[in-house]
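Undergrad: Heads up, the sequence shown is in numbering that gives the first Met the number 0, so the first residue is 0 and it goes up one at a time.
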Amino acid sequence: MPYAQRFQHADDVVAHLNTVVPNLADPLLKAKYTGFVTIAAVTVYEMAIKDIFSEFAAKKHAVFGRYVESKFKRINGKIALEVIKDDYVKGFGGTYLKRFKTALDNASDGYLRQNRRDFRSAYGNLIVWRNDFAHEGSVKAQTTYEEVVQAYEDGKQVIHTLATSMVR
Numbered sequence: 000m001p002y003a004q005r006f007q008h009a010d011d012v013v014a015h016l017n018t019v020v021p022n023l024a025d026p027l028l029k030a031k032y033t034g035f036v037t038i039a040a041v042t043v044y045e046m047a048i049k050d051i052f053s054e055f056a057a058k059k060h061a062v063f064g065r066y067v068e069s070k071f072k073r074i075n076g077k078i079a080l081e082v083i084k085d086d087y088v089k090g091f092g093g094t095y096l097k098r099f100k101t102a103l104d105n106a107s108d109g110y111l112r113q114n115r116r117d118f119r120s121a122y123g124n125l126i127v128w129r130n131d132f133a134h135e136g137s138v139k140a141q142t143t144y145e146e147v148v149q150a151y152e153d154g155k156q157v158i159h160t161l162a163t164s165m166v167r
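1) Grouping DSSP H, G and I as helix and E and B as strand, with all else coil, what is ARG116?
2) Only counting the same chain, and skipping five residues up and downstream in sequence, which positions put a Cβ closer than 8 angstroms to that of ASN130?
3) Excluding five sequence neighbours on each side, which residues of the same chain lie with their C-beta closer than 6 angstroms to the C-beta of PHE208?
4) So what does DSSP say about LEU23, is it helix, strand or coil?
5) The alpha helix (DSSP H) spanning HIS159 covers which residue range?
6) Answer yes if the region 148-155 comes into contact with the region 55-74, meaning at least three C-beta pairs across the two stretches below 8 angstroms, and no otherwise.
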């Protein structure tokens, strides 16, 4: 499956909740929906990352593709940006690591100038918020639903940059 199709699941959840959450008076229920969005967002990121690496490896060699697919079945939320760079991309060789870092810097600079937001920070924040919700059952009081949705949209740029970097 093309990696970008993975976003559809979380996009559908967000589209539905955008009609519900703004009208909620109960801040506790709003926080629960906010946490749910973090779970959906990080899940689709993880699936997209698996797809990118599996597709890349399969294009190199069928056996390598099966090995990578098997290896990435067990990443279970381990998708922090540093982990992607140091544990995953680096394993495919220095050329791909350099390409990813350069592409990430260039994309981040352009995105920051255009949108006045840092998609790398948004991506990292979303993972932290997801972990807080998944492991503690809470969303930080200062984190809003709108902020989480914006971070999800911004964080997609990390995935897109990874996909453009992992080509032969």
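Glycine included, each C-beta is placed from N, C-alpha and C at the ideal position.
TA: A quick look at the data gives this:
1) coil
2) GLY76
3) Shown here, the chain extends from 0 to 167; a query on residue 208 therefore has no answer.
4) coil
5) 144-164
6) Output reads no: the region 148-155 does not touch the region 55-74.
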